[in-house]
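Report on the following structure.
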Amino acid sequence: MIRILDVIISIFSIALLSPLLILVYVIGLFDTGKPIFIQKRLGRNQNVFDLIKFRTMSLNTASVGTHEVNPASITRFGKFLRKSKIDELPQLINVIIGDMSLVGPRPCLPNQDKVIEARDINNVFSVRPGVTGLAQINKIDMSTPILLASTDNDMITNYSIKNYFYYIFLTLMGRGSGDRVKE
-19 MIRILDVIIS
-9 IFSIALLSPL
1 LILVYVIGLF
11 DTGKPIFIQK
21 RLGRNQNVFD
31 LIKFRTMSLN
41 TASVGTHEVN
51 PASITRFGKF
61 LRKSKIDELP
71 QLINVIIGDM
81 SLVGPRPCLP
91 NQDKVIEARD
101 INNVFSVRPG
111 VTGLAQINKI
121 DMSTPILLAS
131 TDNDMITNYS
141 IKNYFYYIFL
151 TLMGRGSGDR
161 VKE
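Residue numbering for the sequence shown follows our numbering, beginning at -19 and increasing consecutively.
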């Protein structure tokens, strides 16, 4: 049921938001020259997949957790994309493909050993990662791996259709955030 909802909502969202997506892509061409950012992430059962986002950082930024990035790496347009969460919209393609769900634990990088260890202990890799979830709406990011994994586990344990829509609703209303650059 959730998979069907993921696909329907994602296809509808891409169709509805396609003018915005095209506009952001074109502006991104002027901002960095490469508006689409693809990064290896760990998904369900620790399978590696390519996460798709709009680029918010300069091209030479290292592939590390966002909380480890130099704030100067974020472009002016990137700051807007991150604050508005528009940078996350291309992940709807990951949802349609089946790499992700709309709701689930945020996918981590393959080199985030502490996050992986904590998530392994809490069985977080048993589900598809998500665009949003309980940790995101509570502003918990990968800089606190044990708290993150515990919160992800709570979300998985108490997962329901009601919570699925609740997390999406809170995200659309502006609650929470993804990983934050530490200033």
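Just so it is clear, CB atoms sit at the ideal spot from N, CA and C, and this is done for glycine as well.
Residue i burial status per 10 Å Cβ neighbour count (16 or more: buried)
{"i": "N27", "result": "exposed"}
{"i": "G13", "result": "exposed"}
{"i": "Q19", "result": "exposed"}
{"i": "F(-8)", "result": "exposed"}
{"i": "L0", "result": "exposed"}
{"i": "L152", "result": "exposed"}
{"i": "F149", "result": "exposed"}
Minimum Cβ-Cβ distance from residue i to chain B less than 7 Å
{"i": "V28", "result": "Any reference to chain B falls outside this structure, which holds one protein chain only."}
Span separating the alpha-carbon of residue i from that of residue j
{"i": "L(-3)", "j": "N133", "result": "32 Å"}
{"i": "C88", "j": "I(-6)", "result": "24 Å"}
{"i": "V6", "j": "I(-11)", "result": "25 Å"}
{"i": "I101", "j": "L3", "result": "42 Å"}
{"i": "I77", "j": "Q92", "result": "24 Å"}
{"i": "L22", "j": "D79", "result": "9 Å"}
{"i": "P15", "j": "K59", "result": "14 Å"}
{"i": "R108", "j": "R24", "result": "5 Å"}
Contact under 7 Å by Cβ, residue i with residue j
{"i": "P90", "j": "G113", "result": "no"}
{"i": "T137", "j": "I120", "result": "no"}
{"i": "D(-14)", "j": "L82", "result": "yes"}
{"i": "V95", "j": "M122", "result": "yes"}
{"i": "V104", "j": "E68", "result": "no"}
Chain-order list of residues whose beta-carbon lies under 7 Å from that of residue i (same chain, five-residue window excluded)
{"i": "P125", "result": "K94, V95 and A98"}
> Hey, is the segment 55 to 67 in contact with the segment 22 to 37, meaning 3+ C-beta pairs nearer than 8 Å?
Replying inline: yes
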